[in-house]
Amino acid sequence: MNPLILEYLQFTVSKTFSLHSLAFASLRQTVSKAGVKEQYYGLTDDESMHLLWVIEWPKEINPTEFKGDSGNFRQNVNALDVASKPTSWLVPFRFAEEVRPALTAPISEFALIYLKETSKPESMSETLHKTFTDCYYAKGFTGGNWGIASNSNDRVCVYVLGWESRAAHSEYAKSDLFALEINKLLPHYAPGSKGIFSKLTQECS
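Its first residue numbered 1, the sequence shown is counted upward by one per residue in the UniProt record's numbering.
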């Protein structure tokens with residue numbers, strides 16, 4: 001049960017991009033060779049020109065310092081994005097089993113809560129956590145977890161949630177239980193807070 005860093009990467013890609021792109025395949029091979037055991041990728045449901053790549057970095061590797069064999073890993077990662085500025089959040093978890101039920105689900109949701117600078121996560125920790133644990137009462141929820149991105153100055157909470165279908169999530173989102181904690185958090189939301197959905201491909205090594 002070694003700790004790991006889950007890196008959530010979101011790219012805006014060109015219309016000609018393919019999941020079978022050689023450049024993207026090369027990047028996945030690079031992290032695999034370095035010791036990454038699990039990674040996941042897919043286009044987002046609602047915006048087809050957005051690519052998600054989720055890397056489970058082992059504790060032996062510092063993602064921000066990793067250069068790969070060629071020495072320019074991050075430059076090549078940035079090159080996948082049309083503006084060379086992909087979103088990257090690094091979220092610590094205790095072990096892969098915490099998030100695997102979400103990443104291998106029929107539909108994976110990444111709920112990103114961007115907090116206002118005046119809002120402190122420690123003061124709302126109970127509500128932030130209950131927003132996740134309440135999901136276990138939802139029909140069609142497969143599991144997951146959440147954390148605060150270590151490279152966000154405690155401003156970004158990343159929820160990794162699994163669902164049997166988008167319909168299951170939509171039904172839960174109409175419930176009073178869902179609204180109970182979300183309504184407490186809404187005044188703290190900064191622009192950019194949203195839910196992102198994708199059917200991810202798992203790649204193991």
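No residue lacks a Cβ here, since even glycine has one placed at the ideal position from N, Cα and C. Note that the structure is predicted; figures quoted are calculated from it, not measured.
(request) Jot down the residue ranges of each uninterrupted beta strand (DSSP E) in the segment 19 to 66, minimum 3 residues, whole runs only, in chain order. (result) 38 to 43 and 50 to 58
(message) Using a Cβ-Cβ cutoff of less than 6 Å, which residues in the same chain neighbour residue 113 once the five nearest sequence positions on both sides are dropped?
(response) Counting from one through the sequence shown, the residue named residue 113 turns up at place 113. Only 157 and 193 meet the Cβ criterion.
(request) Closer than 7 Å by C-beta to residue 1: which residues in its own chain qualify, once you throw out the five before and the five after it? Chain order, please. (result) Residue numbering aside, residue 1 sits at position 1 when the sequence shown is read from its first letter. For residue 1, the predicted structure reports a pLDDT of 46, less than 50, and the residue's modelled location is therefore unreliable. A value from the coordinates is still provided. Counting only Cβ-Cβ distances below 7 Å, and skipping sequence neighbours, we find 94 and 95.
(message) In this structure, how does DSSP classify residue 105 when only helix, strand and coil are distinguished?
(response) For the purposes of this step, residue 105 is taken as the residue at position 105 of the sequence shown. Note: residue 105 maps to coil in three-state DSSP.
(message) By the three-class DSSP mapping on this structure, what secondary structure does residue 133 have?
(response) The residue you call residue 133 lines up with position 133 of the sequence shown. In this structure, residue 133 counts as helix in the three-state DSSP scheme.
(message) Using a 10 Å radius around the Cβ and a threshold of 16 neighbouring Cβ atoms, would you call residue 181 buried or exposed?
(response) As a position in the sequence shown, residue 181 is number 181, starting the count at 1. Under this definition residue 181 is a buried residue.
(message) Taking a contact to mean a Cβ-Cβ separation below 7 Å, would you say residue 107 touches residue 163 in this structure?
(response) On the sequence shown, residue 107 is found 107 positions in, with the first residue counted as 1. On the sequence shown, residue 163 is found 163 positions in, with the first residue counted as 1. In this structure, residue 163 lies closer than 7 Å to residue 107 by Cβ.
(request) Put residue 77 into one of helix, strand or coil per three-state DSSP. (result) Along the sequence shown, one-based indexing puts residue 77 at 77. DSSP places residue 77 in helix when its eight states are reduced to three.
(request) Take residue 175 as the anchor and find which of 134, 42 and 165 has the nearest alpha-carbon. (result) Along the sequence shown, one-based indexing puts residue 175 at 175. Among 134, 42 and 165, the Cα nearest to that of residue 175 belongs to 134.
(request) For the beta strand (DSSP E) holding residue 159, just list the boundary residues, first then last. (result) Taking the first residue of the sequence shown as 1, we reach residue 159 at position 159. It spans 156 to 163 - the beta strand (DSSP E) in which residue 159 sits, taken as one unbroken run.
(request) Whole angstroms is fine: what's the gap from residue 67's alpha carbon to residue 177's? (result) As a first step, residue 67 is located in the sequence shown; it is residue number 67 there, counting from the start. As a first step, residue 177 is located in the sequence shown; it is residue number 177 there, counting from the start. Those two C-alpha atoms are separated by around 45 Å.
(message) Between the alpha carbons of residue 188 and residue 119, how many angstroms are there, rounded?
(response) Here residue 188 is taken as the residue at index 188 of the sequence shown, counted from 1. Here residue 119 is taken as the residue at index 119 of the sequence shown, counted from 1. Taking the straight line joining both Cα atoms gives about 6 Å.
(request) Please work out which residues of its chain come closer than 6 Å, Cβ to Cβ, to residue 32, disregarding the five sequence neighbours upstream and downstream, and give them in chain order. (result) The sequence position of residue 32 within the sequence shown is 32, counting from 1. The residues are 205.
(request) Output the boundary residues of the alpha helix (DSSP H) element that contains residue 183. (result) Along the sequence shown, read from residue 1 onward, the residue named residue 183 stands at position 183. From DSSP, the alpha helix (DSSP H) with residue 183 extends over 176 to 185.
(message) For residue 27 and residue 136, I'd like the C-alpha separation in whole angstroms.
(response) On the sequence shown, position 27 is the one that residue 27 refers to. On the sequence shown, position 136 is the one that residue 136 refers to. If I take the Cα positions, the gap works out to 35 Å.
(request) Please report the Cβ distance between residue 88 and residue 7, rounded to the nearest whole angstrom; I am assuming they are in contact, meaning their Cβ atoms lie under 8 Å. (result) Here residue 88 is taken as the residue at index 88 of the sequence shown, counted from 1. Here residue 7 is taken as the residue at index 7 of the sequence shown, counted from 1. Their Cβ separation, rounded to whole angstroms, is 6 Å, which keeps residue 88 and residue 7 in contact under 8 Å.
(message) Measuring straight from C-alpha to C-alpha, what distance separates residue 105 and residue 42?
(response) In the sequence shown, counting from the first residue as 1, residue 105 sits at position 105. In the sequence shown, counting from the first residue as 1, residue 42 sits at position 42. Going by the C-alpha atoms only, they are around 13 Å apart.
(request) Please check the pair residue 159 and residue 132, which I expect to be a contact at CB under 8 Å, by giving their CB distance rounded to whole angstroms. (result) As a working note, residue 159 is residue 159 in the sequence shown. As a working note, residue 132 is residue 132 in the sequence shown. Yes, residue 159 and residue 132 are in contact; Cβ-Cβ is about 6 Å, under 8 Å.
(message) Is the separation between the beta-carbon of residue 14 and that of residue 82 shorter than 7 Å?
(response) Here the question's residue 14 lines up with position 14 in the sequence shown. Here the question's residue 82 lines up with position 82 in the sequence shown. It is a contact, given that the beta carbons lie within the stated cut-off.
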